[in-house]
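A quick write-up on the structure given underneath.
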Amino acid sequence: TIVATGACGGSIAGLVNLAPGFDDPNIYYSFHMYEPHSFTHQRSEGTGAFASGLPWPADSSTPEKVTETLKAQMDAAGLSPVEQVMNMVAAREAIARYFEQNWGPSQLEASFRQAVDWAEAHGIPGRRLFMGEFGVILMSADGRMGAFDADRLRYLEAVRQQAERLAIPWSVWEFANPHGMSLILPDGPPVADGGLVRALGLASQ
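Going from the sequence shown to the numbering used here is simple: count from 1 and add 1.
Written as structure tokens, this is what we have:
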């Protein structure tokens, strides 16, 4: 069996730009689901800066609440007023953009539909699509990056359910890593993250 993927980090955008010259029943076509990246990869490019707390779905909170929470986390971390102002210049723009896009179930469905439409256009059975990666960075202990656990789990469950509704097999990123984007809790003994396991439908609620 061959698992093929497109460019752009294996994203759906990369998949739909593939123009397969031939097909075979043993070829699966993979895509990664990290849409929207602004939610799944909440972290700042600046060293030590704060970028966290965007909700899933977007309409479950407000820009004001996210901003207030971020400020409280910066206060707790001991950032000076000047450092906080500098941090919030970039953060406010990202927060506003996320809420303007209003990500939720309908946008997820539309993203998956791009992959399904591509497969249909090339005569490829949908069952040979493969969601090879999906995940969300868990909020760090100091609140500098990541999503709150409840939002992370809602997103993972929504993505997994959407894939299963379309009979698309999936795998999650990954077994273990230090950012909580894994089946194993990032801190303490190597035990499974129970909430994540349930969100993936691998254990009873």
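For each residue, glycine too, the CB sits at the ideal point set by N, CA and C.
Boundaries of the beta strand (DSSP E) harbouring Phe135: 130-135, taken from the DSSP string.
Around the CB of Pro56, 16 or more other CB atoms lie within 10 Å, so the residue is classed as buried.
For Trp104 against Pro58, the beta-carbon gap comes to about 6 Å, under 8 Å, which counts as contact. By the criterion of a C-beta distance shorter than 7 Å, Ile125 is surrounded in its chain by Asp24, Tyr30, once the five residues flanking it on both sides are discounted. Within the same chain, Thr41 come within 6 Å of Tyr35 by CB-CB distance, once the 5 residues on both sides are set aside. Here the segment 124-142 makes contact with the segment 150-160; the two share three or more CB pairs at distances below 8 Å.
A Cβ-Cβ contact shorter than 7 Å links Leu71 with Gly54.
A straight line joining the alpha-carbon of Gly196 with that of Val4 spans about 29 Å. Between Glu65 and the set Gly15, Leu154, Phe131, Met89, the nearest pair of CA atoms involves Met89. The beta carbon of Trp171 lies closer than 6 Å to those of Met132, Ala164 in the same chain, with the five residues before and after it left out. Taking the Cα positions, Val83 is about 12 Å away from Ala50. Taking the C-beta atoms as reference points, Leu157 is found nearer than 7 Å to Ala200. Counting only the Cα atoms, Ser107 lies some 38 Å from Pro190. Remark: C-beta atoms of Gly136 and Val173 approach each other more closely than 7 Å. The beta carbon of Gly181 sits closer than 7 Å to those of Ile138, Leu139, Gly147, Pro187, all from its chain and outside the five residues before and after it, given in chain order. The alpha-carbon separation between Leu184 and Arg155 amounts to approximately 15 Å. Annotated as distal: Gln74 and Gly22, with beta-carbon spacing of 7 Å or more. The criterion of a C-beta distance shorter than 7 Å is satisfied by Ala116 and Ile13.
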